[in-house]
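Peer 1: Could you have a look at this structure, given as structure tokens, before my questions?
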Amino acid sequence: MMTGWMQRLFRPECHRVQQVMDAWLDGELPVDQAHRVAAHLADCERCGIEADTYRRVKASLAALAPDLRPPADPDALDRLRRFAEDLTTSE
Numbered sequence: 006m007m008t009g010w011m012q013r014l015f016r017p018e019c020h021r022v023q024q025v026m027d028a029w030l031d032g033e034l035p036v037d038q039a040h041r042v043a044a045h046l047a048d049c050e051r052c053g054i055e056a057d058t059y060r061r062v063k064a065s066l067a068a069l070a071p072d073l074r075p076p077a078d079p080d081a082l083d084r085l086r087r088f089a090e091d092l093t094t095s096e
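Set out below in structure tokens:
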């Protein structure tokens with residue numbers, strides 16, 4: 006039989022929260038699921054510490070390299086500009 010601390014360590018909801026932690030931190034979860042994750046993090050010290058660690062790592066990486074996206078394709082930008090111009094000039 007598991008003791009109280011072991012039961013908290015192996016709670017099934019911890020596993021589910023860990024699966025969606027990145028999406029939650031990035032604000033990509035539906036509102037109802039985000040609320041459930043936030044409630045779990047407030048209740049579960051271990052998951053809360055893990056979320057805080059992930060948040061700090063993401064912030065540190067963002068500070069080191071604020072724009073990791075590759076540069077936009079100049080040809081694609083020209084096509085978009087022409088498309089936008091066509092929209093504004095066509096009647």
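Be aware that the sequence shown starts at 6, since it is given in this note's numbering, and climbs by one per residue.
C-beta: ideal position from N, C-alpha, C; glycine also.
(1) Can you round the beta-carbon distance between Tyr59 and Leu34 to whole angstroms, since I take them to be within the 8 Å contact cut?
(2) Tell me which residues share the same chain as Ala47 and place their Cβ nearer than 8 Å to its Cβ, disregarding the 5 neighbours each side in the sequence.
(3) Along the chain, where does the alpha helix (DSSP H) containing Arg86 start, and where does it finish?
(4) Please classify Pro35: does DSSP put it in a helix, a strand, or coil?
(5) Taking DSSP as the reference, what is the three-state secondary structure of Pro17?
(6) Would you kindly check if the distance between the Cβ of Val22 and the Cβ of His45 is under 7 Å?
(7) Leaving out five residues before and five after Phe88 in sequence, what residues of the same chain have Cβ atoms less than 8 Å from its Cβ?
(8) Can you find the residues in the same chain that come closer than 8 Å, C-beta to C-beta, to Cys19, ignoring five residues on each side of it along the sequence?
(9) In whole angstroms, what separates the C-alpha of Lys63 from that of Gly32?
Peer 2: Answer, in terms of the structure:
(1) Contact annotation, Tyr59 with Leu34: C-beta distance approximately 14 Å; criterion of less than 8 Å not satisfied.
(2) Excluding positions up to five away in sequence, the list reads Gly53.
(3) Secondary structure note for Arg86: its alpha helix (DSSP H) is the uninterrupted segment Pro79 to Thr94.
(4) Here Pro35 sits in coil by DSSP.
(5) Reduced to three states, the DSSP call for Pro17 is helix.
(6) If you check the CB distance, His45 and Val22 come in under 7 Å.
(7) If the five residues before and after Phe88 are omitted, its C-beta is found closer than 8 Å to no C-beta atom of its own chain.
(8) Correct list, in chain order: His45, Cys49, Arg51 and Cys52.
(9) Spanning the two alpha carbons is a distance of roughly 13 Å.
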